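Accompanying notes for the structure given below.
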Amino acid sequence: MLRLRIDMHIHTNYSDSSGSVEDVIETAKIKGLNGVAITDHHTLKGAEEAISVKDDLLILPGEEVQTDRGEILAFGIKEVVPKGLPIREAISMVHFQGGLVFIPHPTVPLFGKLREKEMRRLNIDGLEVFSAISPIANFFASKNIGMANRLGVSMIAGSDSHSPETVGDAYTIVKVKDTSL
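Numbering follows our numbering, with no gaps: position 140 of the sequence shown is 139.
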């Protein structure tokens, strides 16, 4: 069984990061990551550029989408989900594209606008349980893990990097049987 280290929440200079796609990829390799999810705000250009590099790093396309009820992470999409949509509509658009929806930093007061009761009624695939930029990270990670367990959804971790230096500060370990990615 192969264990892949993937930072599931990275921004590039296509949105609000100081890091270019090249910087992100270089840092990810230096830090020993096997993959990154490029989740720029309201664009897929960073992910598309990273995929076109044809490197040995696994690139997961994504977008951090601002909805009427806070942010969602949309993974595996091919078209941008417009900002400001009602959250249910945004989630439906992601799922229609065959993508997955995760709620980033769900219990951090500055970021998390959705409460557990509301998340229970949404068709989400998981929660970002650890974010390297969260204040009191272990405290919020514990709360997020408990919530994910109660909701019965998958869990990921990511750096929420907005500069190349912080790429890989947190990551998800994914176990895979097939090594032909």
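Even for Gly, the Cβ is constructed at its ideal location relative to N, Cα and C.
Predicted, not measured: the structure shown is a model, and the values here were computed from it.
Short Cβ contact (7 Å threshold) for residue i with residue j
i, j, result
"Val23", "Ile9", "yes"
"Phe126", "Pro105", "Correcting the residue identity first, residue 126 is Leu in this sequence and not Phe. Result yes, Cβ atoms of Leu126 and Pro105 sit closer than 7 Å."
"Arg68", "Ile172", "no"
"Ser158", "Ala147", "no"
"Gln65", "Lys82", "yes"
"Thr38", "Glu70", "no"
"Ala27", "Gly61", "no"
"Met7", "Ile144", "no"
"His40", "Ser16", "no"
Per-residue burial, residue i [other beta carbons within 10 Å of its own, 16 or more giving buried]
i, result
"Leu206", "Past the boundaries of the shown model lies residue 206; the chain is included only from 0 to 180, so the question cannot be answered."
"Asn137", "exposed"
"Ser51", "exposed"
"Gly151", "exposed"
"Ile135", "exposed"
CA nearest to the CA of residue i, picked from the options
i, options, result
"Gly18", "Lys174, Ser160, Glu115 and Val173", "Ser160"
"Asn122", "Asp54, Val52 and Ser153", "Ser153"
"Val175", "Tyr13, Ser16, Asn33 and Thr11", "Asn33"
"Gly45", "Glu78, Glu70 and Thr66", "Glu78"
"Pro103", "Phe74, Pro85, His94 and Glu88", "Phe74"
"Thr42", "Glu25, Ile58, Asp55 and Asn12", "Asn12"
"Arg120", "Ala27, Val93 and Ile86", "Ile86"
"Thr165", "His94, Ser130 and Leu99", "Ser130"
"Asp55", "Ile76, Glu25, His40 and Leu84", "Glu25"
"Asp124", "Met118, Val100 and Lys142", "Val100"
Endpoints, the alpha helix (DSSP H) within which residue i is located
i, result
"Glu130", "It should be noted that the sequence gives Ser, not Glu, for residue 130. Counting along the chain, Ser130 falls outside any alpha helix (DSSP H), though it belongs to the beta strand (DSSP E) covering Gly125 to Ser130."
"Thr42", "Looking at the DSSP string, Thr42 is not in any alpha helix (DSSP H), and its letter there is neither H nor E."
"Arg119", "Glu115 to Arg119"
"Ser91", "Ile86 to Phe95"
"Glu25", "Val20 to Ile29"
Contact set for residue i: own chain, Cβ-Cβ below 6 Å, skip 5 residues either direction
i, result
"Lys30", "Gly167"
"Glu186", "For residue 186 there is no data in the structure shown, the boundaries of the chain being 0 and 180."
"Met92", "Val80"
Nonlocal neighbours in the same chain, by C-beta distance under 7 Å from residue i, ignoring five residues either side
i, result
"Phe139", "Thr106, Val107 and Ser133"
"Leu113", "Arg68, Gly69, Ile102 and Pro105"
For residue i, the first and last residue of its enclosing beta strand (DSSP E)
i, result
"Leu150", "Per DSSP, Leu150 belongs to no beta strand (DSSP E); it is in the alpha helix (DSSP H), Ala136 to Leu150."
"Asp6", "Leu1 to Ile9"
Sequence-distant residues of the same chain with beta carbon closer than 8 Å to residue i, five excluded per side
i, result
"Glu47", "Pro60"
Below-7 Å beta-carbon distance, residue i vs any chain B residue
i, result
"Thr42", "As a matter of chain content, chain B is missing from the structure shown, which is built from one protein chain."
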